[in-house]
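Novice:
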Amino acid sequence: MFSDFQKSDFGQGGPVLDRRRFFAEFSELKYMKPKECFDKTSQFGKFCRGKYLRLVHPKMEASFFGDQEQRAMLSSDRGLPETDFFEGFAEMARQVWLLHCLFFSFETEEKGGIFGVKKGSRFSEVYMESVAVEDVGGDRRPAVGFTVVPGFKVGKTVIQCRCIW
């Protein structure tokens with residue numbers, strides 16, 4: 186979901202907005218339901234469709250629903266699927282899009298960024314927050330299992346990533 190997050194157009198090749206327009210879009214979309222945000226020309230609609238088609242493998246969709254009708258609908262712009270699965274996916278995409286808009290709303294001298302942690306990295310409370318409480322015991326230093334939510338750096342502020350160790 187977060188690939189190309191650090192690019193202002195989210196890697197879609199769309200228009201590059203200034204920070205005021207990013208904030209205006211954030212303000213406009215933050216209280217809307219995901220389906221209200223869709224428009225054939227909207228950047229959010231393109232983002233959500235593209236992410237679904239890249240992240241939800243056709244075999245996975247077929248095993249969930251018995252067919253690939255959702256993929257066909259999104260690929261051909263015939264409308265939006267009416268399933269709980271797609272509604273959940275679209276809400277997740279809307280939250281990521283809102284975070285992206287908010288991220289690019291701030292004017293900073295230093296470029297911000299997004300970061301994740303690789304499996305096996307030493308756990309650091311400065312950059313990471315554990316989402317599962319586990320006893321590592323003794324003198325062992327906890328190692329990251331995987332990143333659940335990426336972290337962000339905006340200027341000199343670090344927002345910790347969330348991971349399981």
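Under my numbering, think of the first position of the sequence shown as 186, with each following residue one higher. Positions of the beta carbon are idealized from the N, C-alpha and C atoms, including for glycine.
Please state if the CB of V334 and the CB of K304 are separated by a distance shorter than 8 Å.
Specialist: Start at 1 with the first residue of the sequence shown, and residue 304 comes out as number 119. Start at 1 with the first residue of the sequence shown, and residue 334 comes out as number 149. No, the Cβ-Cβ distance between K304 and V334 is not below 8 Å.
Novice: What residues are listed by DSSP as bridge partners for I347?
Specialist: Sequence index remark: in the sequence shown, residue 347 carries index 162 (1-based). The sequence shown places Arg at residue 347, rather than the Ile named in the question. E314 and V334.
Novice: Within the same chain, show all residues whose beta-carbon is closer than 7 Å to that of F232, passing over the 5 residues directly before and after it, in chain order.
Specialist: Taking the sequence shown and counting its residues from 1, one reaches residue 232 at position 47. Within the same chain, F232 has close Cβ partners F195, Q197, A278 and W282.
Novice: Report buried or exposed for H285, applying the criterion of at least 16 other Cβ atoms within 10 angstroms of its Cβ.
Specialist: To locate residue 285, count along the sequence shown from 1; it is residue 100. H285 is buried by the Cβ-count criterion.
Novice: Are the beta-carbon atoms belonging to L240 and F229 less than 8 Å from one another?
Specialist: The residue given as residue 240 occupies position 55 in the sequence shown. The residue given as residue 229 occupies position 44 in the sequence shown. Contact: no.
Novice: Could you tell me whether the Cβ of W282 comes closer than 8 Å to any Cβ of chain D?
Specialist: Annotation note: the requested chain D is absent from the structure, which comprises a single protein chain.
Novice: Comparing alpha-carbon positions, which option in D269, F187, Q345 and G336 lies nearest P219?
Specialist: By one-based count along the sequence shown, residue 219 stands at place 34. Measuring from the Cα of P219, the nearest candidate turns out to be D269.
Novice: So for G235, helix, strand or coil by DSSP?
Specialist: By 1-based counting over the sequence shown, the position of residue 235 is 50. DSSP places G235 in helix when its eight states are reduced to three.
Novice: Spatial neighbours of V302 within its chain, please: C-beta separation below 7 Å, excluding the five flanking residues on both sides.
Specialist: Taking the sequence shown and counting its residues from 1, one reaches residue 302 at position 117. Contacts found: M313, V329, T332, C346 and C348.
Novice: Compare the C-alpha of F250 against each of S188, F271, S212 and R204 and name the closest.
Specialist: Position 65 of the sequence shown, counted from the start, is the residue given in the question as residue 250. Cα-wise, what sits closest to F250 is F271.
Novice: Under a three-way DSSP split, which group does R326 fall into?
Specialist: Looking up residue 326 in the sequence shown gives position 141. Three-state DSSP puts R326 in coil, outside helix and strand.
Novice: Do S290 and F187 have their C-beta atoms closer together than 8 Å?
Specialist: Here the question's residue 290 lines up with position 105 in the sequence shown. Here the question's residue 187 lines up with position 2 in the sequence shown. Cβ atoms of S290 and F187: not closer than 8 Å.
Novice: If you draw a straight line from the C-alpha of S193 to the C-alpha of D224, how long is it?
Specialist: Within the sequence shown, the letter at position 8 stands for residue 193. Within the sequence shown, the letter at position 39 stands for residue 224. Approximately 20 Å, taken between the alpha carbons.
Novice: Tell me, which residues are paired with T268 by DSSP?
Specialist: Within the sequence shown, the letter at position 83 stands for residue 268. None; T268 has no bridge partner.
Novice: Using C-beta distances below 7 Å, list every residue in its chain close to E246, excluding the 5 sequence neighbours before and after it, in chain order.
Specialist: Walking along the sequence shown from the start, residue 246 turns up at place 61. Cβ within range, chain order: Q253, Q255 and R256.
Novice: Any heavy atom of the ligand PLP within a distance shorter than 7 Å of the CB on K341?
Specialist: Of the ligands one can find in the structure shown there are none, so the ligand PLP has no counterpart to examine.
Novice: With distance defined between alpha-carbon atoms, name the residue in L287, F308, S261 and F274 nearest to L202.
Specialist: Here residue 202 is taken as the residue at index 17 of the sequence shown, counted from 1. When only C-alpha atoms are compared, the closest one is L287.
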